[in-house]
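So for the sequence shown, this note's numbering puts the first residue at 5; every next one is plus one.
The C-beta atom is built at its ideal place from N, Cα and C for all residues, glycine as well.
Encoded as structure tokens, the structure appears first; notes follow it.
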Amino acid sequence: MATTDRQATTLALAHALSAAERGLAVIPLARTKLPALRSPHRRAPTPGPVTCHGECGRFGHGVHDASTDPARIRALFAAAPWATGYGIACGLPPHHLIGIDLDTRPGEPDPGSSTALRELALRHLFTIPPTVVVLTPSGGRHLWLTGPPDHVVPNSAGRLAPGIDVRGAGGYLVGPGSRTRHGSYTTAPGTSHLPPAPCPPALLRLLLPPPVRRTGGGASASGEPVAGGRGLVQFVLAAQEGQRNTRLFWAACRAYENGIGPALLTPLLQAARTTGLTDREARATIASAARMTGHHP
């Protein structure tokens, strides 16, 4: 490995350990901004998707490897000596980090995403409080906010406004001090000493998918989900690899909050199994959602 690469890895590890001291769970990243460690199941002989999230005890499960334990972080970087950056997992306690990614195009003095965020703030009457801001190599910005533990903010791209991506549960942000093939990520002047600020309630409402209307039941006599319940089931069915548990958890939370949790249990289980989760995994996730919303599965 070249000396510059070794230096980048050493620096990334130092920054990652510093972030962990602040309660931020981290993973090593390659210059591509992707997790540095590949899945240990990529050559699995069994057909169908692998749903292991680290239960096997090996590294290579993306954001599910994220940790605040210094010994584990050093082990992760030792297993990926080519890493030149680190990712910060969103949605985890104690901060329940939410990342607002304001994209930009080279040469634009006033990125459209920044304008869009200002327009949203004016329209919905919120202001972004002083918080950590990370500058990207392309000229974009990552705003760090924290969410309440009883709300699961999903990842999204352009749903809030064009050029604005959201990193929530199951996602990660490239940490400041990381080096990628396009350049380095740095903390904006005057923000490195700040803690991530609480997300304004009005903005949080925009980040969460629309609430499901109460329907008086989650499934018809035939067992088919009805009205809002059908939308939650479709949300789970649309999950891609790495989103299955997060989408199921979010859908189950919304179902219990809207009084259709028990009625929607079977359709949600069926949808989760269709996406590749085992019955045990799905039931555990739904039970966790029930406890989170104050219900008993």
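- Query: How many whole angstroms separate the CB atoms of Leu-38 and Phe-63, which I take to be in contact at a CB cut-off of 8 Å?
  - Reply: Contact doesn't hold; Cβ gap of about 14 Å is too wide.
- Item | Whole-angstrom distance between Val-157 and Ala-294, CA atom to CA atom | 17 Å
- Task: Pull up the distance between the alpha-carbon of Leu-207 and that of Leu-126, whole angstroms please.
- Result: 11 Å
- Query: What residue from Ile-77, Ile-168, His-186, Pro-44 has the CA that sits closest to Ile-92's CA?
  - Reply: Ile-77
- Item | Coarse secondary structure for Thr-140, derived from DSSP in three states | coil
- Message: Cutting at 6 Å between CB atoms, please list the residues of its own chain near Thr-250, excluding the five before and the five after it.
- Response: Its chain contains Ala-173, Gly-174 as the residues whose beta carbon lies nearer than 6 Å to that of Thr-250, once the 5 sequence neighbours on both sides are disregarded; these appear in chain order.
- Query: Which same chain residues, not among the five before or five after Leu-177, have their C-beta less than 6 Å away from its C-beta?
  - Reply: Ile-92, Gly-103, His-146, Arg-171
- Query: Leu-273 lies in the alpha helix (DSSP H); which residues open and close that run?
  - Reply: 265 to 279
- Assign His-128 to one of three DSSP states: helix, strand, or coil. Residue state, collapsed to three classes: helix.
- Task: Leaving out five residues on either side along the sequence, give the residues of the same chain with a beta carbon under 8 Å from the beta carbon of Gly-227.
- Result: With a pLDDT of only 44 at Gly-227, under the threshold of 50, the placement of this residue in the model should not be trusted, and no figure is reported.
- Task: Note down the Cα distance separating Thr-191 from Arg-234, rounded to an integer number of angstroms.
- Result: 43 Å
- Below 8 Å CB to CB, which residues in the same chain sit around Pro-74 once its five sequence neighbours on both sides are set aside? Annotation for Pro-74: Leu-21, Ala-24 place their beta carbon closer than 8 Å to its own, counting only its chain and skipping 5 residues before and after.
- Message: Going by C-alpha to C-alpha distance, which of Gln-244, Thr-279, Leu-139 sits closest to Pro-193?
- Response: Leu-139
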